[in-house]
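Novice: Just dropping this structure here.
Chains as they are written, first to last, in our numbering: chain A, 1 to 119; chain B, 1001 to 1347.
This is how it looks when you write it as structure tokens:
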């Protein structure tokens, strides 16, 4: 088994873990959103890697009858996932703006502390 | 060997960029690094033959989402506070998850092998072999997106529509702030939020003004090309919508929100937002009225292939309109937030 057989998946794992760790360890809400984006990108890489075929080309028909095409299904899934991803990111960011206006901070710990104090 | 070298190089940059995003404290830098990571990812998608996805990632991931992050930063400030939270548990959880995934990759089939379950699936064969006869659109991704999976794409357009509405609802509300503590609001006047009162631009604005005026028509033209060329090459409604919105966002960054809202008032954007979804759904209803299933385009024209072409063209147009309007309404929501607060006398 050579190094190149799986290393795309390894990069996926590394990015996935970095994203996950960012979400869990950082208390800044924007940083969490950024972590979520990284996490998302990692999953996209995973899907697209599975659609790849050796010696293949993009799934747009060409005249060559012997052409091998990569699998179009993961592409369709991820294409829409990216756009839906930016929609959810925008929603999250707009909530962050409102949180900043209500609490004066976007640090999770300070928000929790304020909640504690007001009880 | 050269391809592998490029691949490994890009992957190393990708991991380095991601680590940079994690460690850097300035959120502005983190956002820019995230955009760079998105661009690298787009390049890797091209290597992996996913040109449509690469296009989307470059336009959406690196383009629009960076604009949104920057818009948010201009409202909430860009410094991340040093967190005192213990980071041992998150690290442990991440490493365990990572370890489990890493262990699982050894069971994954070799990358790109033709016998993997994904490649030998009967669905794949069906789409790649039947779509020239059934739909006759060279780009299989467009064929699957707009025709075979048209129903799902309709759902996704609805999600974007909902997000556009939701952001407006959240950001165009009066703010309620606790009466007890006056909050100091540091709102750095970034160009996109600054209410530009000057009518005559000063000399420093001249260069961006001229460049923007030169660029914007071509950006919009490119958007139209991507929209209507999606059947033959990479592209389609999603990418075109984002490119179109990007052209208008560029206009507003350079000339100010005031002019943009004269050009394209919010109610027009909201109307377009609904119009795209209605167009998409309308195609489905028309095909039902003509006696076929929802979104079955075969009956739309004299023969099935012409019907498919017409159907794909119309739904992609619907997607393009909704995506443009959604991106714009989200942008308007962010860009107008500080202005909106001032108008309602809360600041």
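The beta-carbon is built from N, C-alpha and C at its ideal position, and this holds for glycine as well.
Just how far apart, CA to CA, sit residue 1339 of chain B and residue 106 of chain A?
Specialist: 21 Å
Novice: So that I know if they touch, is there some Cβ in chain A lying closer than 7 Å to that of residue 1119 of chain B?
Specialist: yes
Novice: I'd like the list of long-range same chain contacts for residue 47 of chain A, defined as Cβ closer than 7 Å, with 5 residues on each side in sequence excluded.
Specialist: 74, 77 and 78
Novice: If you pair each beta-carbon of the region 10-17 of chain A with each one of the region 1087-1103 of chain B, do three or more pairs fall below 8 Å?
Specialist: yes
Novice: Flag this pair as yes or no: are the beta carbons of residue 1272 of chain B and residue 1216 of chain B separated by less than 7 Å?
Specialist: Going by C-beta atoms, residue 1272 of chain B is not nearer than 7 Å to residue 1216 of chain B.
Novice: Please check if any C-beta of chain A sits within less than 7 Å of the C-beta of residue 1276 of chain B.
Specialist: no
Novice: Would you tell me roughly how many angstroms separate the C-alpha atoms of residue 1007 of chain B and residue 82 of chain A, rounded to the nearest one?
Specialist: 22 Å
Novice: I want to see whether chain B comes within less than 7 Å of residue 100 of chain A, judged by CB atoms only; does it?
Specialist: yes
Novice: Need the endpoints of the alpha helix (DSSP H) that residue 1007 of chain B sits in, please.
Specialist: 1002-1023
Novice: Beta carbons nearer than 9 Å to chain A: which residues of the region 1212-1245 of chain B have them?
Specialist: From the region 1212-1245 of chain B, only 1232, 1233, 1234, 1236, 1238, 1239, 1241 and 1242 have a Cβ closer than 9 Å to chain A.
Novice: Please decide whether residue 1101 of chain B counts as near chain A, where near means a Cβ-Cβ distance under 7 Å.
Specialist: Residue contact check for residue 1101 of chain B against chain A: a CB pair falls below 7 Å.
Novice: I need the DSSP call for residue 28 of chain A, collapsed to helix, strand or coil.
Specialist: strand
Novice: Let me see if you follow: with CB-CB separation under 7 Å, is residue 54 of chain A close to chain B or not?
Specialist: yes
Novice: Per DSSP, what kind of secondary structure is residue 1298 of chain B in: helix, strand or coil?
Specialist: helix
Novice: According to DSSP, is residue 117 of chain A part of a helix, a strand, or is it coil?
Specialist: helix
Novice: Using C-beta distances below 6 Å, list every residue in its chain close to residue 1136 of chain B, excluding the 5 sequence neighbours before and after it, in chain order.
Specialist: Counting only Cβ-Cβ distances below 6 Å, and skipping sequence neighbours, we find 1305.
Novice: What are the partner residues of residue 1139 of chain B, as DSSP defines its beta bridges?
Specialist: A:60
Novice: Does DSSP put residue 54 of chain A in a helix, in a strand, or in coil?
Specialist: coil
Novice: What is the residue span of the alpha helix (DSSP H) that residue 1161 of chain B lies within?
Specialist: Run containing residue 1161 of chain B: 1150-1171, per the alpha helix (DSSP H) assignment.
Novice: Buried or exposed: which applies to residue 1188 of chain B, given that a residue is buried once 16 or more other Cβ atoms fall within 10 Å of its Cβ?
Specialist: In this prediction, residue 1188 of chain B scores a pLDDT of 48, lower than 50, which makes its location untrustworthy; no coordinate-derived value is stated.
Novice: Does DSSP put residue 1082 of chain B in a helix, a strand or coil?
Specialist: In the three-state scheme derived from DSSP, where H, G and I count as helix and E and B as strand, residue 1082 of chain B is classed as coil.
Novice: Note down, in chain order, every chain A residue with its Cβ under 7 Å from the Cβ of residue 1064 of chain B.
Specialist: 86
Novice: Output needed for residue 1275 of chain B: all residues of its chain with C-beta closer than 7 Å, excluding positions within five of it in sequence on either side, in chain order.
Specialist: Excluding residues within five positions, the ones whose Cβ falls inside 7 Å are 1321.
Novice: Given this structure, state the Cα-to-Cα distance separating residue 1196 of chain B from residue 1223 of chain B, to the nearest angstrom.
Specialist: Here residue 1196 of chain B scores only 48 on pLDDT, less than 50, and its place in the model is too uncertain to base an answer on.
Novice: My guess is that residue 1049 of chain B and residue 1142 of chain B are in contact by the Cβ rule of under 8 Å, so how many angstroms apart are they, rounded?
Specialist: Their Cβ separation, rounded to whole angstroms, is 15 Å, which puts residue 1049 of chain B and residue 1142 of chain B out of contact at 8 Å.
Novice: Taking 7 Å as the CB-CB limit, is residue 1258 of chain B close to chain A?
Specialist: no
Novice: Counting only beta-carbon atoms, is residue 1146 of chain B nearer than 7 Å to chain A?
Specialist: no
Novice: With 7 Å set as the bound, which would you pick, yes or no: does the beta-carbon of residue 1011 of chain B sit closer than that to a beta-carbon of chain A?
Specialist: yes
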